[in-house]
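> 0 is the number of the first residue of the sequence shown in numbering that gives the first Met the number 0; add one for each residue after it.
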Amino acid sequence: MALALLVSACAALPPRGQIVMRDVAFPLRDFRFPSGLRVVVEQDARSPVVAVVAVVGAGGSSDPNGKEGLAHVVEHLAFRSRHAGGPSVWRRLEASGVGFFNASTSLDHTSYETLGPKEALPALLKMEGQRLSAPLAGVSPEVFEVEREVVRNELREHNETGYVGQVFSWMKAAAFPGEHAYSRPLAGTHASLSALSLSDAQRFARAHYRPDNVTLVIAGDVDLAAVEATLQENLPEAWVGTGVPLAMEARLPAQPAAPPTSPAQESVPVYTAAVPTPEVYLSWVLPRGFDEASAVQDFVRATFGRNLAGAMRNDGDIAGITTNLIPGTRASLLVVRVLLSRGDDPVRSAGNVLDQVQKAWVHALQAGAVLDRERSFRAVRRLVVTDMVLESEDLMSRTGRRALLTHFTQDARAYIRSQVSLMGLAGGKVTDFAYQWLQRDRVRIIVVRPGEVPGAATASATLAVDEEPWATPAERVPPSMTAALDSPVQVLMLDNGMEVLLAPRPGLPVVRIGAALGGGSSHGDKAGVADLATWGSFRESWFEGYPSDWGLRSTSSFQRDHLRVGLSGAAGNVGNMLAMLAEQLDTTRTDEYVVRFYREQVLPRRRALDSNPERLAERHLQKALYGTHPYSREATGEDLAEVSWTEADAWLKDVYRPANTVVVIAGEFDVKEVEGLVRKYLGGWSRGTAKPVATPPAPELPAVTAAAKALLTPRPGASQAQVRLACRLPTATPELEARYALMAELIHVHASGEMRFRRGATYGFSARPWLGRGGAAHLVLEGALDAQRMGEGIGTVRDILASFAKEVPARTLERARRGLLAQQAVSFISSEAWVDALLTARVRGFSPEAVTGRPARLQAVTAESLREAFEGCHQRLVVSVTADEGQARSAIQALSQP
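1. Give the range of the beta strand (DSSP E) segment to which L898 is assigned.
2. Output the boundary residues of the alpha helix (DSSP H) element that contains N351.
3. If you follow the beta strand (DSSP E) that L394 is in, where does it begin and where does it stop?
4. Compute the Euclidean distance between the alpha carbons of Q900 and E67, then round it to the nearest angstrom.
5. Cutting at 6 Å between CB atoms, please list the residues of its own chain near Q721, excluding the five before and the five after it.
6. Helix or strand or just coil, what does DSSP make of E467?
7. Confirm, please, whether the CB-CB distance from E148 to T104 is below 7 Å.
8. Suppose you measure from the CA of F596 to the CA of M579; what does that come to, to the nearest Å?
9. Tell me, which residues are paired with D785 by DSSP?
10. Considering only their Cβ atoms, is the gap separating L307 from V352 smaller than 7 Å?
11. If you compare alpha carbons, which of R381, Q357 and R614 is closest to P902?
12. Since V490 and L500 are thought to touch, with beta carbons under 8 Å apart, how far apart are those beta carbons, to the nearest angstrom?
13. Can you give me the Cβ contacts of W436 inside the same chain, cut-off strictly under 7 Å, excluding the 5 residues immediately before and after it?
14. Go ahead and pull the three-state DSSP assignment for P698.
15. Tell me, please, whether the stretch 116–130 touches the stretch 22–35 by the rule of three or more beta-carbon pairs shorter than 8 Å.
16. Quick one: Cα of A455 to Cα of L114, how far?
17. Since L333 and L339 should fall inside the 8 Å C-beta cutoff, what is the C-beta to C-beta distance between them, to a whole number of angstroms?
18. Excluding the 5 residues preceding and the 5 following W833 in the sequence, name in chain order all residues of the same chain whose CB lies nearer than 6 Å to its CB.
19. For G98 and A821, which I take to be in contact (beta-carbon distance under 8 Å), what is that distance rounded to the nearest angstrom?
20. If you count every other CB in all the chains shown that lies within 10 Å of the CB of L223, and 16 or more means buried, which is it?
21. What residue range is occupied by the uninterrupted alpha helix (DSSP H) comprising T229?
22. DSSP beta-bridge partners for G319?
23. Can you tell me where the alpha helix (DSSP H) with F99 in it begins and where it stops?
24. Give every residue of the same chain whose Cβ lies closer than 6 Å to the Cβ of T660, excluding the five residues on either side of it in the sequence, and list them in chain order.
25. If contact is defined by three or more beta carbon pairs under 8 Å, each pair taking one atom from either stretch, is the stretch 859–869 in contact with the stretch 761–772?
26. Would you kindly work out how many angstroms separate the C-alpha atoms of E467 and P733, rounded to a whole number?
27. Less than 7 Å between the beta carbons of T554 and Y655, yes or no?
28. Among A200, L389 and S191, which has the Cα closest to the Cα of A133?
29. Could you pull out every residue in the same chain whose Cβ sits closer than 8 Å to the Cβ of R250, ignoring the five residues on either side in sequence?
30. Quick one: what's got a C-beta closer than 7 Å to G288's C-beta in the same chain, skipping five residues either side?
31. Mind reading off the beta-carbon distance from E633 to E582? Whole number of angstroms is fine, and I expect it under 8 Å.
32. Quick one: residues in its chain with C-beta nearer than 8 Å to the C-beta of S802, no 5 flanking neighbours on either side, listed in chain order?
33. With contact counted as at least three CB pairs below 8 Å, one residue from each stretch, are the stretch 704–712 and the stretch 831–845 in contact?
34. Would you give the residue range spanned by the alpha helix (DSSP H) that P121 belongs to?
35. Counting Cβ pairs closer than 8 Å, one from the stretch 89–96 and one from the stretch 787–796, do we hit at least three?
36. What do you reckon, are the CB atoms on G219 and P277 nearer than 7 Å?
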């Protein structure tokens with residue numbers, strides 16, 4: 000039943016503290032097969048897409064002693080498995096039209112995630128059943144060796160733990176007793192990876208990849224009446240089973256054991272890693288996750304960052320603070336990451352953070368303080384509730400969360416129960432939890448300073464030709480791929496010059512609003528003025544209220560050619576969002592105090608980052624691509640030090656004008672009602688001239704050259720080489736954007752296929768086109784290569800680029816086209832995706848039809864037009880290498896040869 004209606008333009012806005020939305024429910028079917036396999040199916044018909052998530056109840060804590068990283072290696076190998084003499088699972092996923100797939104290994108589980116068109120569900124189930132029942136089928140010793148080297152390369156990077164290299168392992172070692180499984184490195188070490196064998200992986204798979212240890216959740220546009228037959232027909236017979244379903248033992252004991260913790264620290268360990276400036280990590284061991292009682296942990300994590308902001312004001316060395324929560328079945332780990340500018344006294348900085356932790360949870364004694372604390376708690380709870388709804392809009396996030404909770408609690412309704420628990424939390428319960436678990440004597444601290452960590456050499460292995468990226472025949476393009484963007488977009492031109500796009504997306508009671516303002520870091524007469532103005536900007540007036548009054552989430556981003564601000568929340572609060580956005584746009588400014596704070600607190604770290612090799616390489620690459628064009632501008636700390644607050648404030652006044660602003664509203668709303676609200680609030684904003692800021696002119700293409708332009712940025716002692724291959728492209732149009740996207744897809748897949756899947760010399764390559772205001776465009780391919788094999792890798796990628804400059808085979812093009820259509824189809828489920836895509840199109844100067852008509856433009860790109868584009872790219876190639884200078888010299892010299 001609907002609990003609330005959208006407010007009309009004439010009605011009063013919802014009062015402070017009131018989140019207005021209707022009830023949300025997703026129909027479910029729950030299957031318990033005789034084999035022990037659990038399958039939950041959820042119906043969500045907003046888009047013609049299905050998500051499939053499999054949770055295996057084994058993660059890093061299941062690794063045998065001395066074999067750390069084994070669960071993670073098996074996760075990688077499962078994508079390389081081959082069944083019934085066919086191609087690998089990875090290639091089959093690509094061929095089946097899947098738009099997204101990934102996997103991750105955590106403390107106690109491994110998750111496999113897939114998102115594809117609804118027509119592909121039978122094929123996805125068959126493939127998933129084969130992968131789970133035989134994760135190492137067809138994996139040869141050669142494939143094992145190569146994939147182990149891929150994992151080793153991942154270990155050197157910002158890996159899937161979200162932290163640099165071994166930082167996550169060091170945190171766990173400090174937090175848990177040495178004999179506990181959680182204390183061991185999740186991704187392994189170079190030594191433990193070297194000790195692994197294919198037989199180790201096979202034993203691990205036999206022990207853990209069992210139907211009674213797996214939960215499968217399917218969500219999306221699914222026919223609940225017909226899905227049982229689809230499961231029976233496509234899952235392995237043994238994984239369905241016969242007879243009475245197994246009586247499953249509880250995966251979480253009814254009475255949880257006390258979480259283990261390491262002995263008190265006598266000193267703070269200091270490590271070195273590839274971080275640009277010193278960092279401090281604080282961690283607390285908490286009770287287990289994945290049950291209703293752990294809802295308080297999610298609440299603490301969501302509010303922790305807000306409570307610690309005072310540490311930055313009190314410590315001139317602290318430049319930033321982030322938080323994370325890692326749940327486990329035996330304990331969870333709450334982590335605070337503190338970014339330092341200089342690292343003069345990391346332990347003192349950690350103490351300042353701890354002071355804020357204690358202050359946040361002190362019991363208030365005076366009546367006024369008690370009321371303030373309760374108001375603050377209710378505001379935070381509103382934000383947490385909104386976050387739950389926004390997460391629900393993301394099909395993959397919701398499916399993954401449901402799969403984890405269902406697996407460990409064995410309750411298909413656990414996802415809803417966890418949300419109810421969060422909504423019902425009382426302030427006293429949160430405070431009691433903090434007093435018990437976040438005491439000073441329970442924290443464990445490590446310090447990480449900049450430095451290089453040597454890595455083991457990789458093996459040089461090559462796979463057989465049957466692992467070519469495009470060897471698997473592509474299936475036909477289903478209708479849902481081309482119809483995914485068939486959605487109405489209404490354009491409003493307000494009298495003040497502002498453009499507003501309305502994109503109604505029924506299905507969930509959520510609305511997102513985004514505003515893009517032309518300008519960005521390239522705009523302004525003085526280098527650094529845009530950066531300082533954006534960092535130091537604030538909303539001067541709060542007459543319309545604070546986002547937390549209605550549980551709204553605010554966002555902002557700053558890019559080379561524009562900046563964005565946004566609000567998101569419950570659909571019934573769309574009027575509040577528009578009123579606040581109008582006030583924010585109208586009253587954004589900066590002042591002398593904020594600029595002084597920036598210079599004292601933030602600028603020292605910014606200056607330190609200027610010498611970071613990756614930052615230097617990016618600056619040099621932009622200069623090589625754009626010369627004296629505004630898009631070559633990369634402000635330094637020295638530039639920022641020369642900007643006054645009056646110059647920054649003048650920049651804001653120039654950029655924050657109605658005629659320089661485009662707003663997109665997407666989600667569940669009535670167009671006529673919202674149009675009235677738009678004209679009432681946004682239409683009343685008046686400032687400046689009726690023209691947008693000047694658009695940078697389209698830069699001329701560089702002259703063609705026989706040899707690539709080489710850039711070397713030294714990084715002494717690096718075990719990996721960061722490699723970027725880039726080229727300028729002709730002035731962009733919507734038609735050329737489709738061509739450039741296909742170029743990126745082709746070069747990404749082939750470079751990763753050759754250097755990752757065949758040689759194991761990298762964790763992978765990514766490629767993307769960049770298009771800016773005024774038509775500037777370039778293509779960049781980047782990846783981290785084993786330092787000892789950078790010459791081999793750079794040469795191989797150049798050869799791939801040269802081959803496309805001669806011919807783009809029709810079969811290769813069709814596979815790339817299908818891949819992009821699939822990615823696009825699964826990307827436009829949420830209102831957030833629509834806001835982002837429409838704002839991006841308008842910033843580029845394209846009409847909204849550039850978004851809705853993109854499938855047709857992708858299908859219109861020809862092989863010959865791609866060949867010509869690759870030829871031009873090859874003739875204007877710039878190669879940037881960030882590596883140890885001694886190891887990189889020969890690779891750089893080779894680039895000078897045509």
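We put the CB at the ideal spot given by N, CA and C, even for glycine.
Small disclaimer: the values here were computed from a predicted structure and weren't measured.
The structure says:
1. Only positions 0 to 897 of the chain appear in this structure, which leaves residue 898 out of reach.
2. Locating residue 351 in the sequence shown gives position 352, where the first residue counts as 1. Element bounds for N351: P345 to A359.
3. Position 395 of the sequence shown holds residue 394. Careful: L394 lies outside any beta strand (DSSP E), inside the alpha helix (DSSP H) at L394 to T408.
4. Absent from the structure is residue 900, since the part of the chain shown begins at 0 and ends at 897.
5. For this step, residue 721 is matched to residue 722 along the sequence shown. Taken in chain order, the residues that qualify are A783 and T881.
6. Along the sequence shown, one-based indexing puts residue 467 at 468. Low confidence applies here, because E467 scores a pLDDT of 48, under 50, leaving its location unreliable and the question unanswered by this model.
7. Locating residue 104 in the sequence shown gives position 105, counting from the first residue. Locating residue 148 in the sequence shown gives position 149, counting from the first residue. No, the pair does not count as a contact, with Cβ atoms beyond the cut-off.
8. Sequence index remark: in the sequence shown, residue 596 carries index 597 (1-based). Sequence index remark: in the sequence shown, residue 579 carries index 580 (1-based). If I take the Cα positions, the gap works out to 26 Å.
9. Taking the first residue of the sequence shown as 1, we reach residue 785 at position 786. Paired residues: Q719.
10. Taking the first residue of the sequence shown as position 1, residue 352 is located at position 353. Taking the first residue of the sequence shown as position 1, residue 307 is located at position 308. Yes, they are a contact pair.
11. Residue 902 lies beyond the range of the chain shown here (0 to 897); nothing can be said about it.
12. What you label residue 490 is simply residue 491 of the sequence shown in a count that begins at 1. What you label residue 500 is simply residue 501 of the sequence shown in a count that begins at 1. At roughly 6 Å, the Cβ-Cβ gap stays under 8 Å, so V490 and L500 are in contact.
13. Start at 1 with the first residue of the sequence shown, and residue 436 comes out as number 437. Counting only Cβ-Cβ distances below 7 Å, and skipping sequence neighbours, we find W283 and L285.
14. Looking up residue 698 in the sequence shown gives position 699. Coil at P698, not helix or strand.
15. no
16. Here the question's residue 455 lines up with position 456 in the sequence shown. Here the question's residue 114 lines up with position 115 in the sequence shown. For A455, the pLDDT reaches just 49, beneath the cut-off of 50, and the residue's location in the model is therefore unreliable, although a value from the coordinates is still provided. In a straight line, the C-alpha of A455 is about 35 Å away from that of L114.
17. If you number the sequence shown from 1, residue 333 lands on position 334. If you number the sequence shown from 1, residue 339 lands on position 340. About 20 Å separates the two Cβ atoms, so there is no contact after all.
18. One-based indexing of the sequence shown puts residue 833 at position 834. The answer, listed in chain order, is A502 and A665.
19. The residue labelled residue 98 in the question sits at position 99 within the sequence shown. The residue labelled residue 821 in the question sits at position 822 within the sequence shown. The pair is a contact, with the Cβ atoms about 4 Å apart (cut-off 8 Å).
20. Mapped onto the sequence shown, residue 223 falls at position 224. The residue in question, L223, is exposed, as its Cβ has fewer than 16 Cβ neighbours within 10 Å.
21. Residue mapping note: residue 229 aligns to position 230 of the sequence shown, counting from 1. From DSSP, the alpha helix (DSSP H) with T229 extends over V226 to N233.
22. Taking the sequence shown and counting its residues from 1, one reaches residue 319 at position 320. L338, per the DSSP bridge assignment.
23. Working through the sequence shown from its first residue, we reach residue 99 at position 100. Here F99 belongs to no alpha helix (DSSP H); instead the beta strand (DSSP E) covers F99 to T104.
24. Here residue 660 refers to the residue found at position 661 when the sequence shown is read from its first residue. So the qualifying residues of the chain are M497, A514 and L516.
25. no
26. Looking up residue 467 in the sequence shown gives position 468. Looking up residue 733 in the sequence shown gives position 734. In this predicted model, E467 has a pLDDT of only 48, less than 50, meaning its place in the structure is not dependable enough to derive any value.
27. To locate residue 554, count along the sequence shown from 1; it is residue 555. To locate residue 655, count along the sequence shown from 1; it is residue 656. No, the Cβ-Cβ distance between T554 and Y655 is not below 7 Å.
28. Position 134 of the sequence shown, counting from 1, holds the residue named residue 133. A133 has its Cα closest to that of A200, out of A200, L389 and S191.
29. Along the sequence shown, read from residue 1 onward, the residue named residue 250 stands at position 251. If we look at R250 and ignore the five residues flanking it on each side, its Cβ neighbours are G56, T328, H406, F407, T408 and Q409.
30. The count along the sequence shown starts at 1 and reaches residue 288 at position 289. Counting only Cβ-Cβ distances below 7 Å, and skipping sequence neighbours, we find Q296, P326, G327 and S331.
31. Here residue 633 refers to the residue found at position 634 when the sequence shown is read from its first residue. Here residue 582 refers to the residue found at position 583 when the sequence shown is read from its first residue. No, E633 and E582 are not in contact; Cβ-Cβ is about 33 Å, not under 8 Å.
32. Translated into positions along the sequence shown, residue 802 becomes position 803. Here the set comprises nothing.
33. no
34. Stepping through the sequence shown from its first residue, residue 121 is reached at position 122. Taken as a continuous stretch (DSSP letters only), the alpha helix (DSSP H) holding P121 covers L120 to S132.
35. no
36. Stepping through the sequence shown from its first residue, residue 219 is reached at position 220. Stepping through the sequence shown from its first residue, residue 277 is reached at position 278. For G219 and P277, no; Cβs fall outside 7 Å.
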